[in-house]
Structures are given as C-alpha cells and as structure tokens.
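Chemist: Here it is, the structure, as structure tokens.
Number of protein chains: 2
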Amino acid sequence: MSYRYALVPYIRAPEKYPNVVLFYDEYVSIIKDAFPKGKVHLLILPRNEETSKQKSQEAFKDEKTRKMLEAYVHQAIELTQKAFDKEWRRIDGDDEKKMKILVCCHSVPSLNNLHIHVLTTDMCGRNMKNKKHYNSFTTDFAIRFDEFPLKEDDFRLQDKGKCESLLKQDLVYNGANYKSSFKKMQAKIHEDFDKIYKHI
Amino acid sequence: MSYRYALVPYIRAPEKYPNVVLFYDEYVSIIKDAFPKGKVHLLILPRNEETSKQKSQEAFKDEKTRKMLEAYVHQAIELTQKAFDKEWRRIDGDDEKKMKILVCCHSVPSLNNLHIHVLTTDMCGRNMKNKKHYNSFTTDFAIRFDEFPLKEDDFRLQDKGKCESLLKQDLVYNGANYKSSFKKMQAKIHEDFDKIYKHI
DNA sequence: TATTCCGATAGTGAC
DNA sequence: GTCACTATCGGAATGAG
C-alpha cells in the first residue's frame, strides 16, 4: 500500500527535494508532478495533516481551507504559465493568446494525500499515456477548484462507481469521438499542438 | 481475401512443392500444415474442385466422398505416427503406447478449400499460440472424421455462432480449468509432455 | 483513478 | 475460426531484515 503515500516526503520535508519542490511554506508545498500529463504539470500539497488526509470533496467544504489555498492556486497558475511560456512560443506570434490552465482534484484519487493538479491543457505531457489519464482531466472526473464546495446532490460526493465509469467513456477531442483509439487521438492532439507551438 | 485460398497451389500443382507435399495422386494432396498445432500436423486436401469448395458438413454427407477418403485418412495417420515416432521416444520405453492422433475438420474453417486435419494430440505444436487454436481442436468445434455424416439436428450444420462461441470457452486441460490463462496451461502441457517424451 | 509488468483481448490488414 | 502486428484492456505487485 505504500505507493499511496508517495507524496508524503514533499509534505513532511519539502526542503530536502529542491529539484522537485518549486515552493513551500508552512501551509503548502508546490511540486512538479513526476508523471506530467500536460507540458507543465504541478501539484499543490496542503501540509496540514488533517487536511491532507481528506478527500478534496470533504476538505473543501471548509471555506477557510479554500480561502487559504486561493493565493497558492494563483501562484501555481503563474508558475505554470511562466514555465510553459519559457519552453513554448506560438508560431503565429500572438502572445496575447495564453495556454489554458486547469486547476482540479480527481474525484477518486489514488494517492492518499490531498493534491491539487495545476496543469496546461495541451494534453501533451510526457506521461499522458492512456484513456484513463486523458479522461481523468477532460471529464467531470476532474473537479475544478472553482466548483468547490460541491452542491449536496453532486454525484461526485457519493458515487465513486459513477466517477470511475467516466474514465472508461469514449475518448473525445475537439468534438470528435475516438472511441478507444488513444494512439490515434494522441497523434491528432500532438499534430494540432505542433501547428500552434514551437519549442524554444 | 486471397489468404482464404492459401491452399489452392497444393491442390492445383502439388508436384511443385515437394518440401510441403508428402503425397499426392489424382484425388488428394497430403501436406504438412505450415502452422502446426501438434508436434506433427498434416492436412488432407481433396483435389476435386466441387468437393474442395464445400464445407466438410456438406461434402461428407456424400458417402462416396467419405469412402474415397478413408484410405487416405489411414495413410495420413500412418505418416503422422511415423513422423512423430521418428522425433520422439517415450522415456518409459513403452513403445506399445502410441500418441493419439486426431482426424477432424473445423466446423467454421477460415480457408475456403476443404481440408482434413490429421495431427498428434500433444497440443505442443510450434504454432499452438492461443485460446482459439487450442479450443479449435479440443472442443466440438472440431468435427471428428468418424462423426460424418452429421445427424440432421447437429448444431454444427447450421449454428455458426454457437460453433464460434466454443472457441471462447474456458481452457480445459486434463480436467483442470485454466479460464483464459493460455500461457499457464501451455506451460503445464509442455511440462507433462517433457515428462513422457524425449527428443531423439 | 500513482506506475509498471505481463498477458489476454480486439481490430487491422494481408492480395 | 489463416497469420502477424499493433494497441487496448485487465489484473497483480509495488514495501522490506
């Protein structure tokens, strides 16, 4: 079971991992996701033990916790934007158009410590490898930070089975249904990305 | 679609393929199966065009056709027995015990030319690679030559769907159910074979 | 839904 | 059920004295 606690070191001793931890204070650590699903993919980890062991659906019922995190979310968004812009430029030169950034929590996390994903929405990360990865960020399986607190009747509060079924649904990109053909969809996604961005 | 006619050359011009054709006359060719599912695996191919294009269920309703083939079946069995004995010896030295030989047709063939399988029942052929291969020789999907002509109510005369479903059933070997674990079953089959036979 | 490894399953293309 | 190739799907292990 210990893989479920892979994030513990960054909460307990962020100072030990300068290559992974971009920022930390007494409340949070902001780290680079070891298996990025977007070109840039960070995680915000609340360091408070009680908060960390809760699911996002529960932890973010508390307004204080949400408010406390807002500033860190904005900070992480800025870090993500800067990291992306440092690596990628639009071919059309229109620097006003910014890569969209997603801030969310998975409705059924696999790691036991609360973590907020902050990632560019290109879906071109090195470790975007399968249908579950893709659907975990493109369906309601992902709970956007601005959706918290969830309404009482939100299925994601109770219905783990329905959440998990979202990961198995057909792959949809740009209005097209790719059924289960992850590789074909990924090829199209990368093709489109390469039409818009060039690496610096 | 032309792969469905892979056997045509051995019917039309058996004299051209001495490395594959073990015997031929005006009625049949007996060839080595290119993808053997037993240690020895031959095919009897009736050369008559009308016969060849029928399914076994139809062709062997005709008694003359069956009778014509009987002698060739016995010949093919002898060839198979000799070829096996030339390569493999029982470790216990009991030469009276003979490897069993199966003579059958597939109820749903993939190749369009009528072919009778004659093979040792060791299930250890070089090309025994998956569940469908195995079930195609160990279930009623295989119609033994001595079952022809089929009774009128035999499902294999009409129900292609039921025939094909037999290929997907659980793997059974020596009374044990291996579900879909082909590799595990195959390991056991080879282990058992190696306990009884040694290569010459 | 952490990854990774292995194996079973499924679709395709073959001329 | 022809094969061979690719890719998808599905389970299990992952720790460690």
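Going line by line, the protein sequences match chains A and B.
Mapping of the first sequence onto full-length UniProt numbering: position 133 corresponds to residue 133, and the numbering continues sequentially without gaps.
Mapping of the second sequence onto full-length UniProt numbering: position 10 corresponds to residue 10, and the numbering continues sequentially without gaps.
The C-beta atom is built at its ideal place from N, Cα and C for all residues, glycine as well.
1. If you draw a straight line from the alpha carbon of V28 of chain B to that of H133 of chain B, how long is it in whole angstroms?
2. With 16 other CB atoms within 10 Å as the buried threshold, where does R12 of chain A fall?
3. Counting C-beta neighbours from all protein chains within 10 Å, is the total for M128 of chain A 16 or more, i.e. buried, or is it exposed?
4. Which residues share a DSSP beta bridge with H199 of chain A?
5. Do L45 of chain A and H115 of chain A have their CB atoms nearer than 8 Å?
6. Just to confirm before moving on: does the CB-CB distance between L79 of chain A and L102 of chain A stay below 8 Å?
7. So what's R4 of chain A in DSSP terms, helix, strand or just coil?
8. Identify which residue in A:P149, A:F23, A:P109, A:Y3 has its Cα closest to the Cα of Q75 of chain A.
9. In three-state terms, what does DSSP make of A142 of chain B?
10. Would you kindly work out how many angstroms separate the C-alpha atoms of I91 of chain B and A187 of chain B, rounded to a whole number?
11. Could you tell me whether the Cβ atoms of V21 of chain B and N113 of chain B are closer together than 8 Å?
12. In whole angstroms, what separates the C-alpha of N135 of chain A from that of Y173 of chain B?
13. Secondary structure at S180 of chain B, three-state DSSP: helix, strand or coil?
14. Spatial neighbours of I31 of chain B within its chain, please: C-beta separation below 7 Å, excluding the five flanking residues on both sides.
15. Report the rounded CA-to-CA distance for R4 of chain B versus D122 of chain A, giving the unit in angstroms.
16. In the DSSP assignment, find the alpha helix (DSSP H) that holds C163 of chain B and state where it starts and stops.
17. Name the two residues that bound the continuous beta strand (DSSP E) containing S29 of chain A.
18. On the DSSP letters alone, give me the boundaries of the alpha helix (DSSP H) that T51 of chain B sits inside.
19. Among the candidates A:A83, A:P18, A:S110, A:K16, whose CA atom is the shortest distance from the CA of Q54 of chain A?
20. Please tell me whether K39 of chain A and G161 of chain A are closer than 8 Å, where the distance is taken between their beta carbons.
21. By the 10 Å Cβ neighbour count, where 16 or more other Cβ atoms means buried, how is M1 of chain A classified, buried or exposed?
22. Can you look up P14 of chain A in the DSSP assignment and give me helix, strand or coil?
23. Spell out the partners DSSP gives Y24 of chain B in its beta bridges.
24. Straight-line CA distance for K37 of chain B to T139 of chain A?
25. Candidates B:N130, B:I189, B:K98, B:F137: which alpha carbon is nearest V108 of chain B's?
26. In the DSSP assignment, what are the bridge partners of C105 of chain A?
27. Under three-state DSSP, which class holds V73 of chain A?
28. What whole-angstrom Cβ distance do K183 of chain B and L171 of chain B have, given they're in contact under 8 Å?
29. Using the C-alpha atoms, what's the distance from E58 of chain A back to S52 of chain A?
30. L157 of chain B and F141 of chain B: beta carbons closer than 8 Å?
31. Taking 7 Å as the limit between beta carbons, can you name the residues of its chain near K97 of chain A, skipping five residues before and five after?
32. Bridge partners of I189 of chain A, per DSSP?
33. Helix, strand or coil, according to DSSP, for P9 of chain B in the structure here?
34. Count the other C-beta atoms from every protein chain shown that fall within 10 angstroms of the C-beta of F35 of chain A, then say buried if there are 16 or more, exposed otherwise.
35. Any idea what DSSP makes of H133 of chain B, helix, strand or coil?
36. Anyone know if the C-beta pair for F60 of chain A and F148 of chain A falls short of 8 Å?
Modeler: In terms of the structure at hand:
1. Numbered from 1 along the second sequence, position 28 holds the residue referred to as residue 28 of chain B. Numbered from 1 along the second sequence, position 133 holds the residue referred to as residue 133 of chain B. Here the alpha carbon of V28 of chain B sits roughly 25 Å from the alpha carbon of H133 of chain B.
2. Looking up residue 12 of chain A in the first sequence gives position 12. Answer is exposed; the Cβ neighbour count stays below 16.
3. Residue mapping note: residue 128 of chain A aligns to position 128 of the first sequence, counting from 1. Answer is buried; the Cβ neighbour count reaches 16.
4. To locate residue 199 of chain A, count along the first sequence from 1; it is residue 199. The partner list for H199 of chain A (beta bridge, DSSP) reads A:W88.
5. Here residue 45 of chain A corresponds to residue number 45 of the first sequence, with the count starting at 1. Here residue 115 of chain A corresponds to residue number 115 of the first sequence, with the count starting at 1. Yes, the pair counts as a contact, with Cβ atoms nearer than the cut-off.
6. Working through the first sequence from its first residue, we reach residue 79 of chain A at position 79. Working through the first sequence from its first residue, we reach residue 102 of chain A at position 102. No.
7. For the purposes of this step, residue 4 of chain A is taken as the residue at position 4 of the first sequence. R4 of chain A: helix per DSSP, three-state reduction.
8. Position 75 of the first sequence, counted from the first residue, corresponds to residue 75 of chain A. For the residues A:P149, A:F23, A:P109, A:Y3, the minimum Cα distance to Q75 of chain A belongs to A:F23.
9. Numbered from its first residue, the second sequence carries residue 142 of chain B at position 142. In the structure shown, the three-state DSSP call for A142 of chain B is strand.
10. Taking the second sequence and counting its residues from 1, the one referred to as residue 91 of chain B is at position 91. Taking the second sequence and counting its residues from 1, the one referred to as residue 187 of chain B is at position 187. Between I91 of chain B and A187 of chain B, the C-alpha separation is close to 19 Å.
11. Within the second sequence, residue 21 of chain B is the residue found at index 21, counting from 1. Within the second sequence, residue 113 of chain B is the residue found at index 113, counting from 1. Annotated as distal: V21 of chain B and N113 of chain B, with beta-carbon spacing of 8 Å or more.
12. Residue numbering aside, residue 135 of chain A sits at position 135 when the first sequence is read from its first letter. Residue numbering aside, residue 173 of chain B sits at position 173 when the second sequence is read from its first letter. Taking the CA atoms as reference points, N135 of chain A sits about 41 Å from Y173 of chain B.
13. Mapped onto the second sequence, residue 180 of chain B falls at position 180. Residue state, collapsed to three classes: coil.
14. The count along the second sequence starts at 1 and reaches residue 31 of chain B at position 31. In the same chain as I31 of chain B, and ignoring 5 residues on each side of it, the C-beta atoms closer than 7 Å to its own belong to Y10, V20, V21, L22, L42, L43, L45, in chain order.
15. By 1-based counting over the second sequence, the position of residue 4 of chain B is 4. By 1-based counting over the first sequence, the position of residue 122 of chain A is 122. Whole-angstrom Cα-Cα distance: 46 Å.
16. The sequence position of residue 163 of chain B within the second sequence is 163, counting from 1. Element bounds for C163 of chain B: 160-167.
17. As a first step, residue 29 of chain A is located in the first sequence; it is residue number 29 there, counting from the start. Run containing S29 of chain A: 28-32, per the beta strand (DSSP E) assignment.
18. Here residue 51 of chain B is taken as the residue at index 51 of the second sequence, counted from 1. Its alpha helix (DSSP H) spans residues 49-52.
19. Position 54 of the first sequence, counted from the first residue, corresponds to residue 54 of chain A. Nearest of A:A83, A:P18, A:S110, A:K16 to Q54 of chain A, Cα basis: A:S110.
20. Stepping through the first sequence from its first residue, residue 39 of chain A is reached at position 39. Stepping through the first sequence from its first residue, residue 161 of chain A is reached at position 161. Cβ atoms of K39 of chain A and G161 of chain A: not closer than 8 Å.
21. Mapped onto the first sequence, residue 1 of chain A falls at position 1. Exposed: under 16 other Cβ atoms inside 10 Å.
22. Within the first sequence, residue 14 of chain A is the residue found at index 14, counting from 1. Three-state result, P14 of chain A: helix.
23. Reading the second sequence from its first residue, position 24 is the one you call residue 24 of chain B. DSSP links Y24 of chain B through a beta bridge to B:S29.
24. Numbered from 1 along the second sequence, position 37 holds the residue referred to as residue 37 of chain B. Numbered from 1 along the first sequence, position 139 holds the residue referred to as residue 139 of chain A. Rounded to the nearest angstrom, the two C-alpha atoms are 47 Å apart.
25. Taking the second sequence and counting its residues from 1, the one referred to as residue 108 of chain B is at position 108. It is B:F137.
26. For the purposes of this step, residue 105 of chain A is identified with residue 105 of the first sequence, where counting begins at 1. Per DSSP, the beta-bridge partners of C105 of chain A are A:I143.
27. Taking the first residue of the first sequence as 1, we reach residue 73 of chain A at position 73. When DSSP states are grouped into helix, strand and coil, V73 of chain A belongs to the helix group.
28. To locate residue 183 of chain B, count along the second sequence from 1; it is residue 183. To locate residue 171 of chain B, count along the second sequence from 1; it is residue 171. Contact doesn't hold; Cβ gap of about 10 Å is too wide.
29. As a position in the first sequence, residue 52 of chain A is number 52, starting the count at 1. As a position in the first sequence, residue 58 of chain A is number 58, starting the count at 1. Cα-Cα distance, rounded: 11 Å.
30. For this step, residue 157 of chain B is matched to residue 157 along the second sequence. For this step, residue 141 of chain B is matched to residue 141 along the second sequence. Contact annotation: L157 of chain B and F141 of chain B have beta-carbon atoms that are not nearer than 8 Å.
31. Sequence index remark: in the first sequence, residue 97 of chain A carries index 97 (1-based). Only residues of its own chain outside the window of five on either side were considered, and among them R90 have a CB closer than 7 Å to the CB of K97 of chain A, listed in chain order.
32. Mapped onto the first sequence, residue 189 of chain A falls at position 189. Answer is none; I189 of chain A lacks a bridge partner.
33. Looking up residue 9 of chain B in the second sequence gives position 9. DSSP places P9 of chain B in helix when its eight states are reduced to three.
34. Taking the first sequence and counting its residues from 1, the one referred to as residue 35 of chain A is at position 35. By the neighbour-count rule (16 or more Cβ atoms within 10 Å), F35 of chain A is not buried but exposed.
35. Position 133 of the second sequence holds residue 133 of chain B. In the structure shown, H133 of chain B sits in a helix (DSSP, three-state: H, G or I).
36. The residue labelled residue 60 of chain A in the question sits at position 60 within the first sequence. The residue labelled residue 148 of chain A in the question sits at position 148 within the first sequence. The answer is yes: Cβ separation under 8 Å.
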